[in-house]
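Written below as structure tokens is the structure these notes are about.
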Amino acid sequence: MVLEGISIEDARKKIWMFDIDGLLANERPEGNLEGHKKYYAKDHAPSKDFTALVNEIKPSILIGASATFGAFTPDILQAMGKFNDRPVIFALSNPTDKAECTAEQAYINTEGRCIFASGSPFPPVKINGQTFKPGQGNNAYIFPGVALGILTSGIHHISEDVFLIASETVAECVTEDDLKNGRIYPPLGEIQEVSIQIAVKILEYAYKERE
Numbered sequence: 001m002v003l004e005g006i007s008i009e010d011a012r013k014k015i016w017m018f019d020i021d022g023l024l025a026n027e028r029p030e031g032n033l034e035g036h037k038k039y040y041a042k043d044h045a046p047s048k049d050f051t052a053l054v055n056e057i058k059p060s061i062l063i064g065a066s067a068t069f070g071a072f073t074p075d076i077l078q079a080m081g082k083f084n085d086r087p088v089i090f091a092l093s094n095p096t097d098k099a100e101c102t103a104e105q106a107y108i109n110t111e112g113r114c115i116f117a118s119g120s121p122f123p124p125v126k127i128n129g130q131t132f133k134p135g136q137g138n139n140a141y142i143f144p145g146v147a148l149g150i151l152t153s154g155i156h157h158i159s160e161d162v163f164l165i166a167s168e169t170v171a172e173c174v175t176e177d178d179l180k181n182g183r184i185y186p187p188l189g190e191i192q193e194v195s196i197q198i199a200v201k202i203l204e205y206a207y208k209e210r211e
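Under UniProt numbering, the first residue of the sequence shown carries the number 1, and numbering increases by one thereafter.
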């Protein structure tokens, strides 16, 4: 968001976080707002009711990294489908028995309209004659290409720009067919080619920085 021209303060206001003690709220009795958490704490009544907060906030994107199986309940997924034409559901915890929801649950409860990715692999899901092939949000898409780019370019300082370049390159590798099949990541079988593309982009960046 910051790269698109939004201030860091406004970007943080758009991100609501929920941890083991509930919403990151300035007045929550448990406290535990150390470090980075304080930047995302909201002036909002403390709450541990995740479903109620989702219905109040009406987010467009739901990202799970809680290692809590079933945290994205059918009620929450259905609510996301009501708020958004194409709700984004990322259930990133792994292994599978830690995932916030399964691909099948996400697609069924949003009538096949969600944009889904998971940390664990899930099989294709068929709904009303359409087959969705969920993508896997895995750092294996990033690190091999980043390492190759760094080694070949001789970069000594690995800035945040390098990882932004890598993530943008992964996105550019997603085809229209991938999107039609419900994938927002390239197939894992193409990871070698993706890694080469990332390395090339990092090399280009490194040479520009040296000019």
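C-beta atoms are modelled at their ideal positions from N, C-alpha and C, and glycine is treated no differently.
How long is the line joining the alpha carbons of residue i and residue j, rounded to whole angstroms?
| i | j | result |
| --- | --- | --- |
| Ile-108 | Ser-7 | 37 Å |
| Ile-198 | Ile-165 | 7 Å |
| Phe-122 | Phe-50 | 25 Å |
| Leu-24 | Lys-42 | 6 Å |
| Lys-13 | Ile-57 | 12 Å |
| Ser-66 | Gly-35 | 18 Å |
| Val-162 | Ile-155 | 10 Å |
Could you check whether residue j and residue i sit closer than 8 Å to each other, using their CB atoms as the reference points?
| i | j | result |
| --- | --- | --- |
| Ala-79 | Asn-94 | no |
| Pro-87 | Cys-114 | yes |
| Thr-169 | Lys-201 | yes |
| Lys-133 | Asn-84 | no |
| Phe-116 | Ala-103 | yes |
| Leu-203 | Gly-149 | yes |
| Thr-110 | Leu-77 | yes |
| Tyr-185 | Tyr-141 | yes |
| Leu-92 | Gly-129 | no |
| Gly-119 | Ala-99 | yes |
| Val-194 | Cys-173 | yes |
| Lys-112 | Arg-183 | According to the sequence provided, residue 112 is Gly. The question's Lys does not apply to it. For Gly-112 and Arg-183, no; Cβs fall outside 8 Å. |
Could you spell out the range, first to last residue, of the beta strand (DSSP E) harbouring residue i?
| i | result |
| --- | --- |
| Phe-132 | 130-132 |
| Ile-89 | 88-91 |
| Ile-150 | First-last for Ile-150: 143-153, but that is the alpha helix (DSSP H), not the beta strand (DSSP E). |
Could you please give the first and the last residue of the uninterrupted alpha helix (DSSP H) stretch that includes residue i?
| i | result |
| --- | --- |
| Phe-163 | 160-172 |
| Ile-191 | 191-210 |
| Lys-180 | 176-180 |
| Ala-99 | Neither: Ala-99 is in no alpha helix (DSSP H) and is coded neither H nor E. |
| Ala-117 | Premise fails: Ala-117 lies in the beta strand (DSSP E), 115-118, not in any alpha helix (DSSP H). |
I'd like to know if residue i contacts chain C, where contact means its C-beta is closer than 8 Å to some C-beta of that chain.
| i | result |
| --- | --- |
| Arg-28 | The question asks about chain C, but that chain is absent: this structure has only one protein chain. |
Rounded to the nearest angstrom, how far is the Cβ of residue i from that of residue j, given a contact under 8 Å?
| i | j | result |
| --- | --- | --- |
| Arg-28 | Asp-21 | 6 Å |
| Ser-47 | Leu-53 | 6 Å |
- Query: Curious, which full-length alpha helix (DSSP H) runs of at least 4 residues does the segment 2-81 contain?
  - Reply: As far as the segment 2-81 is concerned, its whole alpha helix (DSSP H) runs of at least 4 residues are 8-13, 50-57.
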